[in-house]
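What follows is one structure encoded as structure tokens, with my remarks underneath.
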Amino acid sequence: MTSIASTPVEVWQCILRFVISVPVFLDPDGVAVNSASSMSDYHIYQNDSPWNNEAPYWESERYRATCRLVCRSWDTYLKETIGHRFVRTVDILQGFLPETALKGAIRISAVSVGRVGKKLPQGIEGAENGWYHLTEELFERIPQSQGNKLEILVANDFHFRTSHLAILTNRFPNLITFINAQISTDDAETLNNLAHIRHLYMGWYSCLSQRAALQCSHLETLSLRPRQFREMKFTKEDWNLPALRTLRILGGQEPPDGPEWQAMLESLLKVLGPTLQNLYISITYHPTPLEKVFEWCPNLECLLVHPSREEKVDIPPSHPLHTIVIPFFSPWIARPRKPELTWPGWPTIRTVIFNTPWDQSRWKGELGRWCERWRGSPVRIEDSRGVTPQEWVDKKNEKSKPVEPS
Numbered sequence: 001m002t003s004i005a006s007t008p009v010e011v012w013q014c015i016l017r018f019v020i021s022v023p024v025f026l027d028p029d030g031v032a033v034n035s036a037s038s039m040s041d042y043h044i045y046q047n048d049s050p051w052n053n054e055a056p057y058w059e060s061e062r063y064r065a066t067c068r069l070v071c072r073s074w075d076t077y078l079k080e081t082i083g084h085r086f087v088r089t090v091d092i093l094q095g096f097l098p099e100t101a102l103k104g105a106i107r108i109s110a111v112s113v114g115r116v117g118k119k120l121p122q123g124i125e126g127a128e129n130g131w132y133h134l135t136e137e138l139f140e141r142i143p144q145s146q147g148n149k150l151e152i153l154v155a156n157d158f159h160f161r162t163s164h165l166a167i168l169t170n171r172f173p174n175l176i177t178f179i180n181a182q183i184s185t186d187d188a189e190t191l192n193n194l195a196h197i198r199h200l201y202m203g204w205y206s207c208l209s210q211r212a213a214l215q216c217s218h219l220e221t222l223s224l225r226p227r228q229f230r231e232m233k234f235t236k237e238d239w240n241l242p243a244l245r246t247l248r249i250l251g252g253q254e255p256p257d258g259p260e261w262q263a264m265l266e267s268l269l270k271v272l273g274p275t276l277q278n279l280y281i282s283i284t285y286h287p288t289p290l291e292k293v294f295e296w297c298p299n300l301e302c303l304l305v306h307p308s309r310e311e312k313v314d315i316p317p318s319h320p321l322h323t324i325v326i327p328f329f330s331p332w333i334a335r336p337r338k339p340e341l342t343w344p345g346w347p348t349i350r351t352v353i354f355n356t357p358w359d360q361s362r363w364k365g366e367l368g369r370w371c372e373r374w375r376g377s378p379v380r381i382e383d384s385r386g387v388t389p390q391e392w393v394d395k396k397n398e399k400s401k402p403v404e405p406s
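Letter by letter, the sequence shown follows residues 1 to 406 in full-length UniProt numbering.
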């Protein structure tokens with residue numbers, strides 16, 4: 001008992017931080033913890049993915065509340081030093097949290113009224129515009145550099161103007177991960193000032209302009225959607241991203257024709273390709289010239305593309321590519337394509353990933369054939385949660401077994 005009582009304060013604080021830790025949800029690198037997660041639309045955007053699931057955080061908050069009852073020093077540490085690590089701006093605007101909660105937040109979710117089903121405070125007209133206006137004012141009231149704990153900002157349906165980005169630069173100097181950034185690259189100069197940004201996921205409706213330029217020395221993940229393909233020019237002077245490892249090219253509303261698409265892709269990958277380990281190209285585009293991709297991206301390990309069915313390409317024997325991600329039925333594509341159920345059989349491939357969970361797919365009937373086809377194969381087949389077809393079928397069968405009376 002004596003040894004416990006004499007335990008240094010620093011040790012107890014370390015134990016408390018461990019008890020209330022939320023490893024993925026509050027980890028700024030959790031969105032890109034491995035090749036599969038950085039390529040998975042499910043992992044990045046779906047509410048029930050490990051990265052977005054709020055349940056573990058709220059459970060940790062219950063632990064925090066319980067630990068605060070133990071003694072005064074624990075209460076002070078967990079209330080004042082730890083505080084609210086995750087904050088939704090709507091909870092502040094609704095009066096459930098004080099504005100001061102933003103100063104200690106590690107993760108902030110700036111969501112629109114439509115996403116959370118909340119009502120506006122009295123006197124505010126226009127649902128969406130009202131929430132945007134209130135959120136902008138909320139950020140503006142944060143004293144400069146007071147939000148220095150913030151590492152993750154998720155901006156669902158919230159459009160960030162240049163003024164917002166300037167506020168982020170001043171108020172949140174340590175921002176690492178920015179999800180659903182509805183911005184244009186006319187604001188790139190401000191983004192360049194986000195000195196610690198490592199993961200930037202532009203929103204589905206945020207387009208690059210033809211004057212695009214981005215220079216972020218720490219940026220490891222970039223998810224973007226080009227606008228004017230004919231005007232896009234990528235140069236090493238304008239696109240200086242030496243740390244870039246993951247590039248996601250999202251689909252445009254008006255995809256370019258084949259030659260235009262390949263010209264833009266070539267100029268982009270010749271500049272950014274040499275350092276890439278993961279490449280995601282939306283299947284809404286024309287087939288990707290894989291032979292050239294292997295040339296432009298010599299260090300590529302994980303690939304999601306729309307391959308040509310007519311073109312058979314051999315991978316260079318020394319190329320490090322080991323994982324293929326196959327596009328699945330996606331809720332963000334109006335007319336989803338059925339994925340290719342075969343792939344080229346490159347000898348370097350060790351893992352094939354389907355870009356959605358098995359239980360959310362529309363072709364569950366194919367799973368039995370996949371299980372049979374790949375039984376005993378050294379190639380691992382899994383979904384976006386890392387589950388193999390056989391594991392999913394076994395789990396499903398286990399659930400369907402009748403419960404024996406006791």
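Every residue gets a Cβ at the ideal spot worked out from N, C-alpha and C, and that includes glycine.
These figures come from a predicted structure and were not determined experimentally.
Review point. Span of the beta strand (DSSP E) holding Y77?
Key: Per DSSP, Y77 belongs to no beta strand (DSSP E) and is neither H nor E.
Exercise for review: Please confirm whether L303 and L279 have their CB atoms less than 8 Å apart.
Suggested key: Cβ distance < 8 Å, so L303 and L279 count as in contact.
Check your understanding: DSSP three-state call for T388: helix, strand or coil?
Key -> Here T388 carries a coil assignment [DSSP, helix/strand/coil].
Review point. The beta strand (DSSP E) spanning A181 covers which residue range?
Key: Element bounds for A181: 177-181.
Review point. With distances taken from CA atoms, which of H319, E266, S73 is nearest Q277?
Key: The candidate whose alpha carbon is nearest that of Q277 is H319.
Point to revise | Where the beta strand (DSSP E) containing I249 begins and where it ends | key: For I249, the enclosing beta strand (DSSP E) stretches over residues 246-249.
Practice item. Count the other C-beta atoms from every protein chain shown that fall within 10 angstroms of the C-beta of D27, then say buried if there are 16 or more, exposed otherwise. Key: D27 should be labelled buried.
Review point. Could you give the distance in angstroms between the alpha-carbon of L250 and the alpha-carbon of H84?
Key: H84 has its alpha-carbon roughly 34 Å from the corresponding atom of L250.
Exercise for review: May I ask you to verify whether the segment 234-249 touches the segment 257-276, counting CB pairs closer than 8 Å and requiring at least 3?
Suggested key: The segment 234-249, when compared against the segment 257-276, does touch it at the 8 Å Cβ threshold.
Check your understanding: Alpha carbon to alpha carbon, what distance is there between E237 and A263?
Key -> E237 has its alpha-carbon roughly 19 Å from the corresponding atom of A263.
Practice item. Find the nearest neighbour of F172 within the set N180, N156, L191, judged by alpha-carbon distance. Key: Residue L191 is the option with its Cα nearest to F172.
Point to revise | Reference I381, options L102, I349, P402, S400, closest by Cα | key: When C-alpha distances from I381 are compared across L102, I349, P402, S400, the shortest belongs to I349.
Practice item. Measure the beta-carbon distance from H218 to R198 and round it to whole angstroms, keeping in mind my assumption that it falls under 8 Å. Key: The Cβ separation is near 5 Å, so the contact holds.
Check your understanding: With 16 other CB atoms within 10 Å as the buried threshold, where does L69 fall?
Key -> By the neighbour-count criterion, in which a residue is buried when 16 or more other Cβ atoms sit within 10 angstroms of its Cβ, L69 is exposed.
Check your understanding: Would DSSP call N71 helix, strand or coil?
Key -> Here residue 71 turns out to be Cys, not Asn, going by the sequence shown. Residue state, collapsed to three classes: coil.
Exercise for review: Using DSSP bridges, identify the partner residues of V87.
Suggested key: Answer is I108, bridged to V87.
Review point. Buried or exposed: where does D383 fall if 16 or more other Cβ atoms within 10 Å of its Cβ makes it buried?
Key: Only buried fits D383, as 16 or more other CB atoms lie within 10 angstroms of its CB.
Point to revise | S400 - DSSP class collapsed to helix/strand/coil | key: S400 falls in the helix class under three-state DSSP.
Practice item. Using only alpha-carbon positions, find the residue among D314, E99, K399, C71 that is nearest to R88. Key: Of the candidates D314, E99, K399, C71, the one whose C-alpha sits nearest the C-alpha of R88 is E99.
Check your understanding: Exposed or buried, I176, counting other C-beta atoms within 10 Å across all chains shown (16 or more means buried)?
Key -> Classification of I176: buried, given that the 10 Å Cβ count is 16 or more.
Review point. Between the beta-carbon of L168 and the beta-carbon of I108, is there less than 8 Å?
Key: No, the Cβ-Cβ distance between L168 and I108 is not below 8 Å.
Review point. Could you give the distance in angstroms between the alpha-carbon of N193 and the alpha-carbon of Q215?
Key: So the two alpha carbons sit approximately 9 Å from each other.
Check your understanding: Since L303 sits in a beta bridge, which residues does DSSP pair it with?
Key -> Answer by DSSP bridge pairing, in chain order: L279, I324.
Practice item. Would you decide whether E220 is buried or exposed? Buried here means 16 or more other CB atoms lie within 10 Å of its CB. Key: By the 16-neighbour rule on beta-carbons within 10 angstroms, E220 is buried.
Check your understanding: For the beta strand (DSSP E) that contains I353, what are its first and last residues?
Key -> That run of the beta strand (DSSP E) goes 351-354.
Exercise for review: Determine the DSSP secondary structure at L93, reduced to helix, strand or coil.
Suggested key: Note: L93 maps to helix in three-state DSSP.
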